[in-house]
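Chains as they are written, first to last, in our numbering: chain A, 1 to 347; chain B, 348 to 694.
Here a beta-carbon is modelled for each residue, glycine too, at the ideal position from N, C-alpha and C.
Bear in mind that the values here come from a model prediction, so they are computed numbers and not experimental data.
Number of protein chains: 2
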Amino acid sequence: MNNNQVLNERSLQLLKALVERYIQDGQPVGSRALSKDTELKLSPATIRNVMADLEDMGLIRSPHTSAGRVPTVSGYRLFIDSLLTVKPLDSEELKLLRKNLIAKDNVNDVIGVASRILSDVTRMAGVVTLPKRAMVSLRHIEFLPLSNTRVLVIFVTNEQEVHNKILHTSKQFTPAQLQQAANYLNSVYSGLSLAAVRKAVLKELKDAQEQMNREMLDAVQMAKLALDPGKSDEDYVLSGETNLMGFSELSDMERLKELFDAFGQKRGVIHLLDQCLNAEGVQIFIGEESGYHAFEQCSLVTAPYSINEQVVGVLGVIGPTRMAYERVIPFVDVTAKLLGAALNPKT
Amino acid sequence: MNNNQVLNERSLQLLKALVERYIQDGQPVGSRALSKDTELKLSPATIRNVMADLEDMGLIRSPHTSAGRVPTVSGYRLFIDSLLTVKPLDSEELKLLRKNLIAKDNVNDVIGVASRILSDVTRMAGVVTLPKRAMVSLRHIEFLPLSNTRVLVIFVTNEQEVHNKILHTSKQFTPAQLQQAANYLNSVYSGLSLAAVRKAVLKELKDAQEQMNREMLDAVQMAKLALDPGKSDEDYVLSGETNLMGFSELSDMERLKELFDAFGQKRGVIHLLDQCLNAEGVQIFIGEESGYHAFEQCSLVTAPYSINEQVVGVLGVIGPTRMAYERVIPFVDVTAKLLGAALNPKT
DNA sequence: GCTGGCACTCGTTGGGGTAGAGTGCTAATA
DNA sequence: TATTAGCACTCTACCCCAACGAGTGCCAGC
Chain A
1 MNNNQVLNER SLQLLKALVE RYIQDGQPVG SRALSKDTEL KLSPATIRNV MADLEDMGLI
61 RSPHTSAGRV PTVSGYRLFI DSLLTVKPLD SEELKLLRKN LIAKDNVNDV IGVASRILSD
121 VTRMAGVVTL PKRAMVSLRH IEFLPLSNTR VLVIFVTNEQ EVHNKILHTS KQFTPAQLQQ
181 AANYLNSVYS GLSLAAVRKA VLKELKDAQE QMNREMLDAV QMAKLALDPG KSDEDYVLSG
241 ETNLMGFSEL SDMERLKELF DAFGQKRGVI HLLDQCLNAE GVQIFIGEES GYHAFEQCSL
301 VTAPYSINEQ VVGVLGVIGP TRMAYERVIP FVDVTAKLLG AALNPKT
Chain B
348 MNNNQVLNER SLQLLKALVE RYIQDGQPVG SRALSKDTEL KLSPATIRNV MADLEDMGLI
408 RSPHTSAGRV PTVSGYRLFI DSLLTVKPLD SEELKLLRKN LIAKDNVNDV IGVASRILSD
468 VTRMAGVVTL PKRAMVSLRH IEFLPLSNTR VLVIFVTNEQ EVHNKILHTS KQFTPAQLQQ
528 AANYLNSVYS GLSLAAVRKA VLKELKDAQE QMNREMLDAV QMAKLALDPG KSDEDYVLSG
588 ETNLMGFSEL SDMERLKELF DAFGQKRGVI HLLDQCLNAE GVQIFIGEES GYHAFEQCSL
648 VTAPYSINEQ VVGVLGVIGP TRMAYERVIP FVDVTAKLLG AALNPKT
């Protein structure tokens, strides 16, 4: 009997069965139950030996002496990365997605629908970040005079979204001047991503103060003010948080409060989600992997979504570590793709 | 001993002491504790007699035979309406309010701050409705062409807030036509409340289809589309919900879920808050008085706030029935007044 | 009308005993 | 050498019960 033997086929099969069984009914899994679950005709005693090995490797643990075993975070990780057999998407779910995830006038509405579908279908919490401002591109910008030194700037982006902001300018502009400034900006920067516009604007201000004509300088100055990164970059739409109240893993009020506080703060959650912006497809944080204490009992299944093949945001599902990954993962994946499609401008 | 005797001075004094004591430490109050609490030098036995009377009148009840008494909703109601001695506002709290509740560019920011202060100071949940669209008045309206039949309408209201909306028009307009339409609307309707504008617009459309010139009719038509009641009328900013998780009254997960679901739905809460729009000052719902099952264990202390002496919204505090009314009531009152002040345009 | 005394009720707490689930270890087996 | 049966052991969950304490209602006396 070698303790540090590499994981063989049989051990993996048993680990898989154990995780599946535990996910299914939430009770620690004992050797007898496992012996009945698998096709391998093994006696509970043999399985106990294997389980002892798995425990040595840190893949499972037992809550106390006379309970069965439960997966550790490493156990879940191995299960998800190598053992999981994902289930194809339920056709009902797909129908629901296709029916509801269609273009709307308002980006926020689409995002809201996506979030709600995520939570309704999984019966956990759904989350969708707003498209990163810097990632979307400028379609049109316009200035409207409000009063003496206050100017309303309006810009439309390629996701058909209208943003507005009030600027306090250092001097007074005539409507004609504002019109001219807008014309200049539209002709030069239309089509570029806001990040690119912002970068170019800062460069222009630095380089060419002397050579530019007065009107253009004003225009660039205002563009700089207008494109200050908005707080929408730190926002998301969360749905079905209350679904999480039903799970026994989160029945501790202290923990639950901490989790909901994190939802309210947004900062931490956004930071976590941003880490998935550059992932290829679905990415998963299991329990403490997220690095946030509030999420210790939770897993997060995420996928980035794109507009015009440019990743602009992330969506995902938050639930207890013990969740039906084989169903959630493909669902999150497809939802991200369809959300991207719904946000893509037709023109 | 007459059961249905009118409440005399002494009974009221004892009821007051009982409610205060119960609010303070959350345990059913017994006759002995009450005998020590009050100045009236009465023996526990006498107090028991009075308590029996109060119970007959439905003002207090005992959870079980050998526990003390707790106030019923009627008991709280009587206490609040007639017996409560409100405490003057803590000077620290007032300072906090004055410091943070100042005009901002963005109405939502001010509302958010108000909500947060309400929850931070009371350590319960704070809620502030967004200003009712219909109640604020129109300052300026503008149309921008987007594409063929899509027009962006922008209007600024007297709370310095900018609203925008995309209209799908039946025909195509030139920029000049749009400009003319905006000019017409601004000259005729500027300064009126949105509700008034909407009413006038509908009237114009009905009455004078024939006599109006074409451009004005278009303008009015677009104004009608633009002023469709927005969903902002059904929105509020909630803060500190998680504070409610600490209270033993709400430790039942079922109940808590129901409450948080209600917060998420918004409809019910808005309906409840709207009932306070026409109240003179602070209004209070105790427990089941609200008529909503989810709020059965909660009280709601509200006050309307105004811009230019026109009531436009409501704010309040949500907490367990057992809350320190004598401090919450004046605090909500003052916060409403200061929020109104912060929203009032200077000009 | 108030009070002291008393019997009674009921929830809470903690101890003890048992049943059940599951383990680790050892010795036997293929 | 890998697997299995058997067995002693451990630990939790549950129930029962007794003791305790808080508080009540009622009555008799002041």
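Contact check, residue i vs residue j, beta carbons under 8 Å
| i | j | result |
| --- | --- | --- |
| A/A125 | A/T335 | no |
| B/V661 | B/L620 | yes |
| A/Y236 | A/G268 | no |
| B/E588 | B/R669 | no |
| B/V675 | B/T432 | no |
| A/I111 | A/L97 | no |
| A/R133 | A/D233 | yes |
| A/L185 | A/T157 | no |
| A/E159 | A/L343 | yes |
| B/R545 | B/L564 | no |
| A/E326 | A/K87 | yes |
| B/I654 | B/V483 | yes |
| A/L89 | A/F263 | no |
| B/G373 | B/G415 | no |
| B/L514 | B/I501 | no |
| B/M600 | A/K257 | no |
Where residue i falls, given that 16 or more other Cβ within 10 Å makes a residue buried
| i | result |
| --- | --- |
| A/G191 | exposed |
| B/A392 | exposed |
| B/S586 | buried |
| B/T521 | exposed |
| A/K99 | exposed |
| A/L14 | buried |
| B/E489 | buried |
| B/E439 | exposed |
| B/D400 | buried |
| B/G422 | buried |
| B/I407 | buried |
| A/N148 | exposed |
| A/Q297 | buried |
| A/D109 | exposed |
| B/G628 | exposed |
| A/Q283 | buried |
Element boundaries [beta strand (DSSP E), containing residue i]
| i | result |
| --- | --- |
| B/Q630 | Q630 to I633 |
| B/T476 | A472 to T476 |
| A/Q24 | A/Q24 -> not in any beta strand (DSSP E); alpha helix (DSSP H) instead, spanning E9 to D25. |
| B/E489 | L485 to S494 |
| B/Y672 | Run containing B/Y672: none in the beta strand (DSSP E); it sits in the alpha helix (DSSP H), Y672 to L690. |
Partners in chain A for residue i, counting only beta-carbon separations shorter than 7 Å
| i | result |
| --- | --- |
| B/M600 | M245 and S251 |
Cβ of residue i within 8 Å of any chain A Cβ
| i | result |
| --- | --- |
| B/G611 | yes |
| B/D582 | no |
| B/K451 | no |
| B/T589 | yes |
8 Å Cβ cut-off: residues of chain A touching residue i
| i | result |
| --- | --- |
| B/V503 | L146 and L152 |
Contact with chain B by residue i, beta-carbon distance below 8 Å
| i | result |
| --- | --- |
| A/L178 | no |
| A/D261 | yes |
| A/L256 | yes |
| A/E359 | With chain A covering 1 to 347 only, the question about residue 359 of chain A has no answer from this structure. |
Proximal chain B residues relative to residue i, where beta-carbon distance stays under 8 Å
| i | result |
| --- | --- |
| A/V162 | L499, N511 and I513 |
| A/E326 | Simply none; closest approach about 27 Å. |
Delimiting residues of the alpha helix (DSSP H) encompassing residue i
| i | result |
| --- | --- |
| B/D500 | A quick correction: the sequence has Val, not Asp, at residue 500 of chain B. No alpha helix (DSSP H) holds B/V500; the beta strand (DSSP E) holding it covers R497 to T504. |
| B/E440 | S438 to N447 |
| A/K203 | L194 to D207 |
| B/L399 | Rather than Leu, the amino acid found at residue 399 of chain B in this sequence is Ala. Segment P391 to D403, the alpha helix (DSSP H) holding B/A399. |
| B/P522 | P522 to Y536 |
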